[in-house]
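Visitor: Below: one structure in structure tokens.
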Amino acid sequence: MRVFINKNVLESIITNTNPYLEKRDLSAITSHIIIQAKDSVLNIKATDYEIGLAYKLSNVKIIDEGTATANGKKLLDIIRSLKDDEVQLETLNNYLYIKQKNSKYKLPMYKFEDFPEFPTTQNKNKFDVDAVMFGRSLKKIIPSIDNSNPKHELTGAKIDIKQDLINIVGTDTKRLSVFSLQTQTQNEFSLIIPKKAITEMQKLFFDKIEIFYDENILIAQSQNFEFYTKLINGKYPDYDKVIPKEIKKRIKLNRDKMIEGIKTISMLSDTMKITMNSQTINFESVIEDNSEAKTQIDCETELDEEIYFGVKNKFLLDFLSNIEDDEFYLEFNNNNLPFVLTSKELKTVIMPINI
Numbered sequence: 006m007r008v009f010i011n012k013n014v015l016e017s018i019i020t021n022t023n024p025y026l027e028k029r030d031l032s033a034i035t036s037h038i039i040i041q042a043k044d045s046v047l048n049i050k051a052t053d054y055e056i057g058l059a060y061k062l063s064n065v066k067i068i069d070e071g072t073a074t075a076n077g078k079k080l081l082d083i084i085r086s087l088k089d090d091e092v093q094l095e096t097l098n099n100y101l102y103i104k105q106k107n108s109k110y111k112l113p114m115y116k117f118e119d120f121p122e123f124p125t126t127q128n129k130n131k132f133d134v135d136a137v138m139f140g141r142s143l144k145k146i147i148p149s150i151d152n153s154n155p156k157h158e159l160t161g162a163k164i165d166i167k168q169d170l171i172n173i174v175g176t177d178t179k180r181l182s183v184f185s186l187q188t189q190t191q192n193e194f195s196l197i198i199p200k201k202a203i204t205e206m207q208k209l210f211f212d213k214i215e216i217f218y219d220e221n222i223l224i225a226q227s228q229n230f231e232f233y234t235k236l237i238n239g240k241y242p243d244y245d246k247v248i249p250k251e252i253k254k255r256i257k258l259n260r261d262k263m264i265e266g267i268k269t270i271s272m273l274s275d276t277m278k279i280t281m282n283s284q285t286i287n288f289e290s291v292i293e294d295n296s297e298a299k300t301q302i303d304c305e306t307e308l309d310e311e312i313y314f315g316v317k318n319k320f321l322l323d324f325l326s327n328i329e330d331d332e333f334y335l336e337f338n339n340n341n342l343p344f345v346l347t348s349k350e351l352k353t354v355i356m357p358i359n360i
């Protein structure tokens with residue numbers, strides 16, 4: 006194989022594929038990316054068996070066709086060190102040579118025949134969705150997804166495909182976020198996408214994309230790339246039961262004022278008590294030692310009686326940092342029951358803490 010490629014293009018692709026590599030066992034073929042020049046197209050792939058990413062490049066000068074593998078991290082370090090100029094990739098005697106003017110590097114290759122095959126879209130269902138909106142919705146619910154939980158399904162997001170509606174759901178059992186995406190759908194179905202895959206999907210979903218799925222795999226394809234992730238098998242909690250069906254009070258609040266109040270308390274404490282009356286909202290730290298933080302903002306709540314609840318600061322800030330509007334709604338029934346934050350398509354239910 007012998008090809009010439011723009012340094013910045015190659016660096017961008019190798020950077021994007023690095024999260025898909027096996028990091029613990031460097032002797033595994035999946036610690037390598039595979040580079041294949043064939044039929045005037047350069048294919049670059051990476052996978053750790055759980056998720057995978059492949060790029061197709063046609064704007065590349067292919068002198069000789071062939072296939073190479075290279076340790077993804079080492080290759081990225083090399084490419085980053087080069088100047089903004091054309092790079093030559095060449096295979097010889099089971100080594101990949103990376104050349105640019107007077108600089109030359111050599112990396113050992115593994116057997117490319119051992120590289121895992123990517124899944125195909127054959128016999129899989131398909132749904133069309135606005136890629137930008139889908140990526141945006143995943144970003145909004147990802148803070149609510151648990152990082153580690155014995156129930157593996159809680160470490161992913163549920164994609165609940167209904168009639169002309171897709172609900173994207175994340176929960177860590179202390180809070181639950183739902184983003185409702187209005188879109189035409191063909192089949193009702195639900196699947197659970199791992200959190201790691203969601204993190205990578207947000208970097209990719211900005212182009213026209215087709216999504217295919219079955220009970221085990223989700224595949225996203227665009228003109229330039231193909232992404233896949235294995236899905237989590239498990240029974241996701243019935244999120245509809247968590248969302249209160251009846252609400253006694255709904256208060257409109259200013260996002261920036263609330264953020265200011267929360268951050269004041271966060272200087273000393275990661276939990277707080279919020280007390281609301283008809284004219285003000287009071288924020289007070291919840292700390293075991295004798296330190297204390299308090300602040301207050303003016304707000305016309307139209308409450309008939311004072312209400313209060315304890316909450317983790319982070320839960321509120323995660324929601325407020327993921328909305329675009331200047332105002333949002335707080336919905337509640339009683340002090341000791343879950344309360345709801347809403348802004349357009351995003352809804353987050355939060356369990357209060359005992360204070």
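So for the sequence shown, my numbering puts the first residue at 6; every next one is plus one. Every residue, glycine too, gets a C-beta built ideally from N, C-alpha and C.
1. Can you list, in chain order, the residues of its chain with a C-beta nearer than 6 Å to that of C304? Leave out the 5 residues immediately preceding and following it.
2. Quick check: what's the CA-CA separation for G175 versus P121?
3. Of the choices I214, Y100, F232, A51, whose alpha-carbon is the least far from that of G71?
4. State buried or exposed for M272, treating a residue as buried only when at least 16 other CB atoms are found within 10 Å of its CB.
5. Roughly how many angstroms lie between the CA atoms of E311 and N229, to the nearest whole one?
6. Would you say G140 and F210 are within 7 Å of each other, going by their C-beta atoms?
7. Would you list, in sequence order, the uninterrupted beta strand (DSSP E) runs of no fewer than 3 residues that lie entirely inside the region 54-108?
8. Would you identify the three-state DSSP class for P24, choosing helix, strand or coil?
9. Just reading off the alpha helix (DSSP H) that D365 is part of, what are its end residues?
10. By how many angstroms is the C-alpha of V247 removed from the C-alpha of L346?
11. DSSP three-state label for A202, please.
12. E118 by DSSP, collapsed to three states: which one?
13. If the criterion is Cβ atoms closer than 7 Å, does the pair R255 and E158 meet it?
14. Please go through the same chain and pick out, in chain order, the residues whose beta-carbon is closer than 6 Å to the beta-carbon of T96, but skip the five residues on each side of it.
15. If distances are taken between C-alpha atoms only, which option among E55, R180, K145, T125 comes closest to P242?
16. Tell me the residue span of the alpha helix (DSSP H) that contains S271.
17. Hey, could you find the ends of the alpha helix (DSSP H) S142 is sitting in?
18. Of the residues N192, Q207, L80, N48, which one's Cα is nearest the Cα of Y110?
Guide: The short version:
1. What you label residue 304 is simply residue 299 of the sequence shown in a count that begins at 1. Sequence-distant Cβ neighbours of C304 in its own chain, meaning closer than 6 Å and more than five residues away, are I286.
2. In the sequence shown, counting from the first residue as 1, residue 175 sits at position 170. In the sequence shown, counting from the first residue as 1, residue 121 sits at position 116. Here the C-alpha atom of G175 lies approximately 30 Å from the C-alpha atom of P121.
3. For the purposes of this step, residue 71 is identified with residue 66 of the sequence shown, where counting begins at 1. With distances taken between Cα atoms, G71 lies closest to Y100.
4. As a position in the sequence shown, residue 272 is number 267, starting the count at 1. It is exposed - the Cβ of M272 has fewer than 16 other Cβ atoms within 10 Å.
5. Reading the sequence shown from its first residue, position 306 is the one you call residue 311. Reading the sequence shown from its first residue, position 224 is the one you call residue 229. For E311 and N229, the distance between alpha carbons rounds to 56 Å.
6. Taking the first residue of the sequence shown as 1, we reach residue 140 at position 135. Taking the first residue of the sequence shown as 1, we reach residue 210 at position 205. The answer is yes: Cβ separation under 7 Å.
7. Qualifying beta strand (DSSP E) stretches, in chain order: 56-62, 66-69, 71-76, 91-97, 100-105.
8. By one-based count along the sequence shown, residue 24 stands at place 19. Under the three-state reduction of DSSP output, P24 falls in the helix class.
9. No statement about residue 365 is possible, as the shown extent of the chain runs from 6 to 360 and does not include it.
10. Translated into positions along the sequence shown, residue 346 becomes position 341. Translated into positions along the sequence shown, residue 247 becomes position 242. Going by the C-alpha atoms only, they are around 13 Å apart.
11. For this step, residue 202 is matched to residue 197 along the sequence shown. Helix, per DSSP.
12. Taking the first residue of the sequence shown as 1, we reach residue 118 at position 113. Secondary structure of E118 (DSSP, three-state): helix.
13. By 1-based counting over the sequence shown, the position of residue 255 is 250. By 1-based counting over the sequence shown, the position of residue 158 is 153. Their beta carbons are not under 7 Å apart, which means R255 does not touch E158 by this criterion.
14. Numbered from its first residue, the sequence shown carries residue 96 at position 91. Cβ-Cβ distances below 6 Å link T96 to M6, G71, A73 in the same chain, with the five nearest sequence neighbours on each side left out; the list follows chain order.
15. Stepping through the sequence shown from its first residue, residue 242 is reached at position 237. Measuring C-alpha to C-alpha distances from P242 to each of E55, R180, K145, T125 identifies R180 as the nearest.
16. Residue 271 sits at position 266 when you count from the first residue of the sequence shown. That run of the alpha helix (DSSP H) goes 260-271.
17. Here residue 142 refers to the residue found at position 137 when the sequence shown is read from its first residue. Element bounds for S142: 136-146.
18. In the sequence shown, the residue the question calls residue 110 occupies position 105. The residue among N192, Q207, L80, N48 with its C-alpha nearest the C-alpha of Y110 is L80.
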